[in-house]
Amino acid sequence: MTPTLSTTATLSTDRRDSHRPDGDRPDAPRPDGAKLVVSSVTKVFRRRGSITEALQFVDLHVDEGEFVCLLGASGCGKSTLLSIIGGLEEATSGSVRVDGDLVVGPGADRGMVFQGYSLFPWATVAQNIDWGLQVARWSKDRRRDRVDELLGIMSLREFANALPRELSGGMRQRVAIARALAPEPDLLLLDEPFGALDAQTRRHLQDFLLGLWQRTGTTILMVTHDVEEAVYLANRIYVMSARPGRITQEVTIPFDRNRGAGIKRDPRFLDLRDRLAELLG
Ligand SMILES: Nc1ncnc2c1ncn2[C@@H]1O[C@H](COP(=O)(O)OP(=O)(O)OP(=O)(O)O)[C@@H](O)[C@H]1O
Ligand SMILES: [Mg+2]
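Quick note on our numbering: the sequence shown kicks off at 33 and runs consecutively.
This is the structure in structure tokens:
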């Protein structure tokens, strides 16, 4: 039997029956006031005669200033969903709206950090950060100031002219986050940004991202399969089933934004972590 989170003080909601395709769901995500609304999104890949149903009626929303994590096992469709939200992949059916506008392609309103390293290998750190600003047609002066600001925030100033291959993994991920943040997107989409890093660097960057969210209040949707990372960073978590990916649980985290590593010893943190881990198997 699939374990579920009980409806106790952890405020969990079982969402397993929330994927009826008729658009008449009593618990459909709030269309008003949300930064991001994903409604009944499905995705079927057809390739050389084989059919893969990656996503099945996914509903979710992210409100302004929220940090939401999407948690699920490998292959459940997390990257596919993030690509659809980023406008890089088309949904088979359903819709994605940002600030009420239908997403039909990539846009400067959404910054994306892809799974794995995705910097331009031939471009320097500064040029990588500058890329999105050029696309968004910022003026030369504004671009220079913004790149310099981000190099400072990310502690990368002395590596401004280095190439990605000359950086450590953690530094590359900081560049990737800086590149996504540069054009001041309304919504930051992160696909397992720390997946390939060692435990210590990962913790360091988690704290860095938490600090960034605390300072800027940027709206963040982050994919991870690390339960502890999700409970530490998010104010809300969606849990996805194995493929075809559906949202099976929605969990509100009972810690406010001004949290620190101390919550990792809080019994509520440990309880949530253990029960989510059990849920993911
Ligand atoms: N372009 C594609 N063509 C065909 N099938 C695809 C394509 N992209 C993804 N898939 C399939 O869709 C399913 C979901 O893949 P996806 O990459 O979204 O999973 P994921 O949850 O991000 O996994 P992981 O945690 O390993 O990154 C998988 O079965 C994958 O093989
Ligand atoms: Mg993935």
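Ideal Cβ placement from N, Cα and C applies to all residues, glycine included.
Check	Outcome
Can you list, in chain order, every residue whose CB sits closer than 7 Å to a heavy atom of ligand 2?	Lys110, Ser111, Gln147, Asp223, Glu224, Val255
Bridge partners of Asp141, per DSSP?	Its beta-bridge partners do not exist; DSSP assigns none.
Let me make sure I understand the geometry here. Which of Val100, Ala140, Ala105 has the alpha-carbon closest to that of Gly119?	Ala140
For Met254, which option in Ala158, Val263, Arg247 has the closest C-alpha, if you only look at C-alpha atoms?	Val263
With Val94 and Ile279 assumed to form a contact (beta carbons below 8 Å), what rounded beta-carbon distance in angstroms separates them?	With 8 Å as the limit, Val94 and Ile279 do not qualify as a contact, their Cβ atoms being about 13 Å apart.
Hey, would you say the C-beta of Arg80 is under 6 Å away from at least one heavy atom of ligand 1?	no
Is any heavy atom in ligand 1 found nearer than 6 Å to the beta carbon of Thr124?	no
Hey, Gly201 and Leu229: beta-carbon distance below 7 Å or not?	yes
Run through DSSP, which three-state label would Asp133 get?	strand
Do Leu222 and Val167 count as a contact pair if the criterion is CB distance below 7 Å?	no
Which whole runs of the alpha helix (DSSP H) in the stretch 155–180 are 4 residues long or more, in chain order?	157–167
Which full runs of the beta strand (DSSP E) of 3+ residues lie inside the stretch 214–284, going along the chain?	219–223, 251–256, 268–272, 279–284
Using a Cβ-Cβ cut-off of 6 Å (strictly less than) and excluding sequence neighbours within five positions of Thr34, which residues of its own chain qualify?	Confidence in Thr34 is poor, its pLDDT being 34 and thus under 50, which makes the residue's placement unreliable; the coordinate value appears in the next sentence. Nothing listed; no residue qualifies.
Report yes if the C-beta of Gly1 is less than 6 Å from at least one heavy atom of ligand 1; otherwise report no.	Beyond the ends of the chain as shown, which are 33 and 313, falls residue 1; an answer cannot be given.
Which first and last residues belong to the alpha helix (DSSP H) in which Ser111 is found?	110–118
Using DSSP with H/G/I as helix, E/B as strand and the rest coil, what is Ser85?	Before going on, a small fix: residue 85 reads as Glu here, not Ser. Glu85 falls in the strand class under three-state DSSP.
Who are the Cβ neighbours of Gln159 in its own chain at under 8 Å, not counting the five residues just before and after it?	Phe152
Measuring alpha carbon to alpha carbon, tell me which of Leu134, Leu165, Gly137 ends up nearest Arg211.	Leu165
Can you tell me whether Pro61 is buried or exposed? The criterion is at least 16 other CB atoms within 10 Å of its CB, across all chains shown.	Because the pLDDT of Pro61 is 47, which lies under 50, any placement of that residue in the model is unreliable, and the question is left without a value.
Just how far apart, CA to CA, sit Met186 and Leu114?	24 Å
Beta carbon of Thr74, beta carbon of Ser111: below 7 Å?	no
Per DSSP, what kind of secondary structure is Gly126 in: helix, strand or coil?	strand
State the start and end residues of the unbroken alpha helix (DSSP H) segment that holds Ala309.	299–312
Taking three-plus beta-carbon pairs below 8 Å as touching, is the stretch 187–197 in contact with the stretch 131–138?	no
Just checking Gly119 against ligand 1 - is the residue's beta carbon closer than 6 Å to any of the ligand's heavy atoms?	no
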